[in-house]
Amino acid sequence: MYQNLKETEILKIDSRGRIVIPRSMRKALGLKENSYIMLISDSEENELRIIPLPFSEDQTFMRIKVIIPDTPGALSQVSKVFGELGLSLLYGQTVVIKKGQTAEWSVISPIPEMPVDDFEKILIEKGNAISVHVERPMKSKMI
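In the working numbering, the protein residues as written are 1259 to 1401.
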């Protein structure tokens, strides 16, 4: 029977803020030289997570903040638009701004094959978003 194995290491940060991920962990996660990872810092939990990312160097991503109604199905409706456009979601986090009124959905996604202004308009019209802010496209190292 397959077991989900977790490995734990205590690492030291060098003077430039770097750490070395142990070889056994890199191997288990399929990380090689020039692999991309995403760091997520959670100051409330005092935690830093590292997540391997399966994409190539030539991919370009955008960071999007979508304000949606805080109602049942609102997140589903706007995320469905991503699926219809063939866009995967690399990362997403939702925070309620005002209970029962508005929430913010922060997303990292590949860039759609259309002007960013058109993409924002589609999220508002088809996804029922209240507002959309797209940080201009950046290469994958932005993450």
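We put the beta carbon where it would ideally sit given N, CA and C, even for glycine.
- Query: What are the residues that DSSP puts in a beta bridge with PRO1310?
  - Reply: Beta-bridge pairing links PRO1310 to ILE1295.
- Would you mind stating whether ARG1307 and ILE1366 have Cβ atoms separated by less than 8 Å? Cβ distance not < 8 Å, so ARG1307 and ILE1366 don't count as in contact.
- Are at least three pairs of beta-carbons, each pair with one atom in the region 1283-1293 and one in the region 1357-1365, less than 8 Å apart? Three or more beta-carbon pairs separated by less than 8 Å are not found between the region 1283-1293 and the region 1357-1365, which leaves the two stretches without contact.
- Item | Cβ-based neighbour list, GLU1378, same chain, cut-off 7 Å, excluding 5 preceding and 5 following | Around GLU1378: VAL1390 and VAL1392.
- Task: Taking VAL1354 and ALA1387 to be in contact with their CB atoms under 8 Å, please state how far apart those CB atoms are, rounded to whole angstroms.
- Result: A Cβ-Cβ distance of about 15 Å is found for the pair VAL1354 and ALA1387, leaving them out of contact under the 8 Å criterion.
- Item | Proximity of VAL1324 and LEU1269 at Cβ, strictly below 8 Å | Pairing VAL1324 with LEU1269 gives a Cβ-Cβ distance that is not under 8 Å.
- Residues that GLY1350 bridges to, as DSSP identifies them: Partner residues in the beta bridge of GLY1350, as assigned by DSSP, are VAL1365.
- The alpha helix (DSSP H) spanning SER1334 covers which residue range? Counting along the chain, the alpha helix (DSSP H) containing SER1334 begins and ends at 1332-1342.
- Burial state of PRO1312 (16 or more Cβ within 10 Å): Burial call: exposed.
- Message: Please return the same chain residues whose Cβ sits closer than 8 Å to the Cβ of PRO1327, not counting the five positions on each side in sequence.
- Response: For PRO1327, where only same-chain residues beyond five positions count, the Cβ hits under 8 Å are GLN1359, THR1360, ALA1361, ASN1386 and ILE1388.
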